[in-house]
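Numbering (this note's numbering), first residue to last: 4 to 517.
Cβ coordinates follow ideal geometry from the N, Cα and C atoms, glycine included.
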Ligand code: AMP
């Protein structure tokens, strides 16, 4: 009887005396100390009445105890279901009802607000605190330091991660043991991870990037992590000198670049910087290389598929691309209307097939059937294009595609041109309803510090570079773009804000029209 993921990630810790987690207060946890925490968490999950296949919802601060619940859930065969710590109790109610979780583990401060909700859902509530004072901590403390792992099949679920859907109901992506293990194995190989790696971990652990990519890779090779509660530039600069690798979202890199402490000397011990979860601007890529001598390795993935493509470890890491399909993973580009593959070099819907692709959406068979083809290809919702030598470019989400006067406009193309304009730090291009064109292109610009972009000059330059239908019909200047915890620009939020812009009644009330 086996439990492949537990055997690969957690079981080897039992005999590891060296540090697995380096904490921000200078303390560390050895492999076997963490192993015992996982075993006690597994015992506590069982003591709380959970059987294999039951769900545990965890909404707690990032700390070793939270990560140990993941390890414990693997041992106990319980499905780990982490939630973004920003969700309000009302939002949590949906996840509890939808997942029919047997247990929710929350921070003590949130317990009073959650109590009536868990009661309604018939879910048990326990609390976890980074100082060890929660009720789940107490339950775990009373458990033995070993736990006989429950047998699991590679197709059994290890986790459910809810997608951060901006429209409609959030969907629970069911991830199997095979999905997670196959992806960790591939990434270890591709990115050359070994037991001497020390990963600077400043990502949240409720999302695929911090939970699976960063953590599973480190556990699989027997490396260690500098486990920071969140991204904080001061802490990152304190820890970078002893790290060999860092995984981040693009905002980590732009924030670090704003700081004079980022130097070649600061990162001389680091062998690899990885970026993903949102597009890395080519400008950031170039600026990072100029300052540090490192070319950031950009990869592409999503909750439902784990990682799909990566720039090469050896070979050219090409800015503005996400590299090649990972070994064992197929990527094809199709016409969203017909599903037929598009000719070489054309833009199409990115579809992916492989052992990394999830098992469907929790209790949403229709949604699953819409997005997961019978032949195993998952329709990602992202549009992409292969360069002649095989590098994949992400053009944007299909739902962000703008159709104006019958023509398709891919926001990324316009954003790239806008980002290069003098005085512009970054931009987001959206389609907003327009009485004549159906949709009109609207550009939202963030100025560089202290700069005021000259819109007349920008428009004149755009006339040289872009066809008329692609040029923004209006500009908005904002201090910053709305982003979620993973640094993704929230285009739905921008559309909500500026959706009225070209309605006749709103004429002249907002922004600037071309
Ligand atoms: P999530 O499920 O939250 O990880 O979001 C997945 C989505 O993030 C993908 O479908 C892409 O739209 C986007 N994404 C992830 N990595 C990249 C990348 N390197 N470049 C552009 N978009 C990315």
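Cβ neighbours of residue 451 in the same chain (closer than 6 Å, five flanking residues each side left out)
426, 428
Does the beta-carbon distance from residue 433 to residue 498 come in below 8 Å?
yes
Got a list of residues with beta-carbon closer than 7 Å to any non-hydrogen atom of the ligand AMP, in chain order?
Any residue whose Cβ sits closer than 7 Å to a heavy atom of the ligand AMP makes the list: 166, 167, 210, 211, 212, 278, 279, 280, 281, 282, 283, 301, 302, 303, 304, 305, 306, 307, 325, 383, 384, 385, 397, 400, 489, 491.
Please report the distance separating the alpha-carbon of residue 273 from that of residue 242.
C-alpha separation (whole angstroms): 11 Å.
Between which two residues does the alpha helix (DSSP H) containing residue 460 stretch?
458-468
Taking 8 Å as the cut-off, does the segment 387-399 touch the segment 454-467 (at least 3 CB pairs, one atom from each stretch)?
Touching, no.
Counting Cβ pairs closer than 8 Å, one from the segment 90-102 and one from the segment 31-49, do we hit at least three?
no
Could you tell me the alpha carbon to alpha carbon distance between residue 290 and residue 415, rounded to whole angstroms?
20 Å
Using 8 Å as the Cβ pair cut-off and three pairs as the minimum, do the segment 319-331 and the segment 343-350 touch?
no
Grouping DSSP H, G and I as helix and E and B as strand, with all else coil, what is residue 424?
In the three-state reduction of the DSSP assignment, residue 424 falls in the coil class.
Just the Cα atoms here: how many angstroms apart are residue 15 and residue 32?
Straight-line Cα distance between these residues: approximately 15 Å.
So, are the CB atoms of residue 78 and residue 196 less than 8 Å apart?
Going by C-beta atoms, residue 78 is not nearer than 8 Å to residue 196.
Ordered list of alpha helix (DSSP H) runs contained in the segment 69-110, each at least 4 residues:
92-102
Sequence-distant residues of its chain with Cβ nearer than 7 Å to residue 64 (five each side left out):
Counting only Cβ-Cβ distances below 7 Å, and skipping sequence neighbours, we find 88, 110, 133, 232.
Work out the CA separation of residue 442 and residue 410 for me, nearest whole Å.
10 Å
Rounded to whole angstroms, what is the Cα-Cα separation between residue 486 and residue 474?
24 Å
If we ignore side chains and look at the alpha-carbon of each, how far apart do residue 204 and residue 155 end up?
Residue 204 and residue 155: Cα-Cα distance of roughly 29 Å.
Beta-carbon proximity check, residue 302 vs residue 326, cutoff 8 Å:
yes
Beta-carbon spacing of residue 164, residue 176 below 8 Å:
yes
Own chain residues within Cβ distance below 6 Å of residue 288, not counting five before or after:
299, 322
Below 8 Å, can you find three or more Cβ-Cβ pairs linking the segment 175-192 to the segment 107-127?
no
Could you check which residue in 481, 9, 435, 413 has the C-alpha nearest to that of residue 157?
9
Here's the rule: buried if 16 or more other CB atoms are within 10 angstroms of the residue's CB, otherwise exposed. What is residue 264?
exposed
May I have the straight-line CA-CA distance separating residue 353 from residue 314, to the nearest angstrom?
17 Å
Just grab the DSSP bridge partners of residue 303 for me.
312
Enumerate, from N- to C-terminal direction, the unbroken beta strand (DSSP E) stretches of 3 or more residues contained entirely within the segment 377-463.
381-389, 395-400, 405-407, 410-412, 427-437, 441-450
On the three-state DSSP scale, how would you describe residue 343?
coil
Decide if the segment 49-63 is in contact with the segment 12-26; the criterion is three or more beta carbon pairs, one per stretch, under 8 Å apart.
Fewer than three Cβ pairs drawn from the segment 49-63 and the segment 12-26 lie within less than 8 Å of each other, which leaves the two stretches out of contact.
If residue 30 and residue 83 are in contact, beta carbons under 8 Å, what's the gap, nearest whole angstrom?
That pair is no contact at about 25 Å.
Give me the Cα-Cα distance between residue 504 and residue 386, rounded to the nearest whole angstrom.
Rounded to whole angstroms, the separation of the alpha carbons of residue 386 and residue 504 is 26 Å.
Can you tell me where the beta strand (DSSP E) with residue 22 in it begins and where it stops?
22-26
Contacts around residue 1, its chain only, beta-carbon distance under 7 Å, and the 5 residues preceding and following it disregarded:
Residue coverage of the chain in this structure runs from 4 to 517, which leaves residue 1 outside it and unanswerable.
If you reduce the DSSP assignment to three classes, tell me which class residue 64 lands in.
Residue 64 falls in the coil class under three-state DSSP.
To the nearest angstrom, report how far apart residue 366 and residue 230 are at their CA atoms.
34 Å
Given this structure, state the Cα-to-Cα distance separating residue 250 from residue 506, to the nearest angstrom.
43 Å
Unbroken alpha helix (DSSP H) run spanning residue 40, endpoints:
34-50
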